[in-house]
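*Asks:* One structure, pasted below without further comment.
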Amino acid sequence: MNLFDVYPLNNITITKALGSYVWDENGVQYLDMYGGHAVISIGHTHPHWVRRIEEQLEKIAFYSNSVIIPLQKELADKLGKLSGKEDYQLFLCNSGAEANENALKLASFHNGRKKIVSFDKAFHGRTSLAVAATDNKNIVAPVNETGNVVFLPFNDEKAIQEYFNDNGKEICAVIIEGIQGVGGIRVANESFLKLIRNLCDEHGAVYIADSVQCGYGRTGKFFSHDYAGVNADIYTMAKGMGNGFPVGGILIAPHIKPKHGMLGTTFGGNHLACAAALAVLEVMEDEKLVEMAKQRGMYIINKLKTIEGLENVRGKGLMIGFDVPPELKDLRKKLLENYNVFTGEAKPNVIRLLPSLALSGKQVDEFFESLNEAIEQIKEPRLEKI
Ligand SMILES: Cc1ncc(COP(=O)(O)O)c(C=O)c1O
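Position one of the sequence shown corresponds to residue 1 (my numbering), numbered consecutively onward.
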């Protein structure tokens, strides 16, 4: 049987990983500045994470949500403590799209409305409502098309103010990434997020902070929306939450009340996923990874700004992007093929850096050495590395 061919693949087979390095089947080492698409938070195969999952596996991996699973409450308590949202409620699921799907649905149950405000270049996942709120026509199937989602220009305060003035009573929710990931590392202005908070309060709409990529400490605060000093009504999470173990969730503000049957999932919150997620939070706390992400990120951003040719360096913590001019268009490819460095991209010309929050200073130096050499090599092909 063939695999359904939907992914453009690099011709590389990864067989081993540790921290911010991965190795291919021939033993070639790569530096992972991509974090497996922003998923690796505490580092690949962190020993504590491996041990906790193994120990849990010996006891029980799964039982359905029809029984009490104390690990879920343990996870909720730890998450409340680390995120500072102790009075919020946790609903567990399996992926980022599922988290957003549940958030949007919950918002609609809560206020009985239908209109969703999203933004240009937003990415919220591939399930029905999440993809409808995603600004990419190529991945929206005819069946997902709905008149319930409106796209406004990102960071345009006048446009959202006017939209609320005209449609306030109908707006169910505003969904926004604190820093757009797939959209190319576009940082939401703090004043824009504050305005969204005020408009939602004024008009009874739900503020959904899609923190699937920009959450979980990656930006140097637990949620990137925290930089604006606002509390969202719902935070959606996945990626870094399990460090590669599939787990997602939503944090729900206390004024949104649950009702039996309102949301549900078979696998969400299973024993093994909770053990993985707890291990991640324990390591984040022990190794002070949120602060680490902030410091390393600041250093990387400042240093990138000094490199001639790279444009519009931006981001927060370890969620960083820069534009590559046409003369350096092969930079990402060169980094991978000649220097064994994985990075992320965003169309048309953005390189995204989304490494583990535990990236070391030595690895940062290695990255810059490779980056500088790759740029030199593109400018001066005679310097081709052998
Ligand atoms: C901001 C954001 N939301 C949602 C998703 C969807 O997450 P998943 O692929 O786990 O469904 C992604 C994935 O890249 C994302 O970046």
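Heads up, the beta-carbon is just placed ideally off N, CA and C, and yes, glycines get one too. Source: prediction; values computed, not measured.
Which class does I60 belong to by DSSP, given the choice of helix, strand or coil?
*Replies:* If DSSP states are grouped into helix, strand and coil, I60 belongs with coil.
*Asks:* What residues are listed by DSSP as bridge partners for V6?
*Replies:* In DSSP, V6 forms no bridge with anything.
*Asks:* Closer than 8 Å to a non-hydrogen atom of ligand 1 - does that hold for the CB of H260?
*Replies:* For H260, the shortest separation between its Cβ and any heavy atom of ligand 1 does not lie below 8 Å.
*Asks:* Rounded to a whole number of angstroms, what is the C-alpha to C-alpha distance between I250 and D226?
*Replies:* 16 Å
*Asks:* So does V140 have its beta carbon nearer than 8 Å to some heavy atom of ligand 1?
*Replies:* With a cutoff of 8 Å, V140 does not count as near ligand 1, since its C-beta is closer than that to no heavy atom of the ligand.
*Asks:* Just the Cα atoms here: how many angstroms apart are N148 and A277?
*Replies:* 34 Å
*Asks:* Roughly how many angstroms separate the alpha carbons of L82 and P326, rounded to a whole number?
*Replies:* Looking at the two C-alpha atoms, the distance is approximately 42 Å.
*Asks:* How would you write the range of the alpha helix (DSSP H) that V131 sits in, first residue to last?
*Replies:* S128 to A132
*Asks:* At 4 residues or longer, what runs of the alpha helix (DSSP H) sit wholly inside the region 66-109?
*Replies:* Every alpha helix (DSSP H) stretch that sits fully inside the region 66-109 and reaches 4 residues is listed by chain position as 70-83.
*Asks:* Does DSSP classify F151 as helix, strand or coil?
*Replies:* Here F151 sits in strand by DSSP.
*Asks:* Please indicate yes or no: does the CB of D135 lie closer than 8 Å to some heavy atom of ligand 2?
*Replies:* Because ligand 2 does not appear in the structure shown, any question about it cannot be addressed here, the ligands present being ligand 1.
*Asks:* Inspect the CB distances between the region 123-134 and the region 78-92 and report whether three or more fall short of 8 Å.
*Replies:* no
*Asks:* Would you please state the rounded distance, in angstroms, between the beta carbons of R133 and C172? I believe it to be under 8 Å.
*Replies:* The amino acid occupying residue 133 in the given sequence is Ala; Arg does not appear at that position. Rounded, the Cβ-Cβ distance is 11 Å, inconsistent with contact.
*Asks:* For the putative contact between T236 and G35, defined by C-beta atoms under 8 Å, what is the C-beta separation to the nearest angstrom?
*Replies:* Rounded, the Cβ-Cβ distance is 18 Å, inconsistent with contact.
*Asks:* Would you tell me roughly how many angstroms separate the C-alpha atoms of G80 and I139, rounded to the nearest one?
*Replies:* 34 Å
*Asks:* For V28, which residues in the same chain have their Cβ closer than 7 Å to its Cβ, ignoring the five residues on either side in sequence?
*Replies:* N340
*Asks:* Consider the C-beta atom of E177 and the heavy atoms of ligand 1; say whether any pair is separated by less than 8 Å.
*Replies:* yes
*Asks:* Quick one: does the C-beta of A99 sit closer than 8 Å to a heavy atom of ligand 1?
*Replies:* yes
*Asks:* Would you say D210 touches ligand 1, meaning its beta carbon is less than 8 Å from a heavy atom?
*Replies:* yes
*Asks:* Do you know how far the Cα of L281 is from the Cα of D390?
*Replies:* Lying outside 1 to 386, the shown extent of the chain, residue 390 is not represented and no answer is given.
*Asks:* Would you kindly work out how many angstroms separate the C-alpha atoms of V117 and A107, rounded to a whole number?
*Replies:* 12 Å
*Asks:* Among G178, A141 and N10, which residue has its Cα nearest to the Cα of F119?
*Replies:* Among G178, A141 and N10, the Cα nearest to that of F119 is on G178.
*Asks:* If L263 and F62 are in contact, beta carbons under 8 Å, what's the gap, nearest whole angstrom?
*Replies:* Contact doesn't hold; Cβ gap of about 19 Å is too wide.
*Asks:* Rank S41, N10, N26 and I14 by C-alpha distance to the C-alpha of R218 and give the top, closest one.
*Replies:* Looking at the Cα atoms, S41 is the closest of the given residues.
*Asks:* Among residues of its own chain, excluding the 5 on either side of E389, which ones have a beta-carbon nearer than 7 Å to its beta-carbon?
*Replies:* Summary: the structure shown does not reach residue 389, with the chain confined to residues 1 through 386, and so no result is reported for it.
*Asks:* Decide if G261 is buried, meaning its Cβ has at least 16 other Cβ atoms within 10 Å, or exposed.
*Replies:* By the 10 Å Cβ count, G261 comes out exposed.
*Asks:* In the DSSP assignment, what are the bridge partners of L353?
*Replies:* L353 has I320 as its beta-bridge partners, per DSSP.
*Asks:* Is any non-hydrogen atom of ligand 1 found closer than 8 Å to the C-beta of K239, if you look at the structure I gave you?
*Replies:* K239: yes, Cβ under 8 Å from ligand 1.
*Asks:* Quick one: complete alpha helix (DSSP H) runs, 4+ long, within the region 276-321?
*Replies:* 289-305
*Asks:* Taking only the alpha-carbon atoms, compute the straight-line gap between E291 and L318 and give it to the nearest angstrom.
*Replies:* Straight-line Cα distance between these residues: approximately 11 Å.
*Asks:* Do you know whose CA, among L354, P348, N338 and G361, lies nearest S370's CA?
*Replies:* N338
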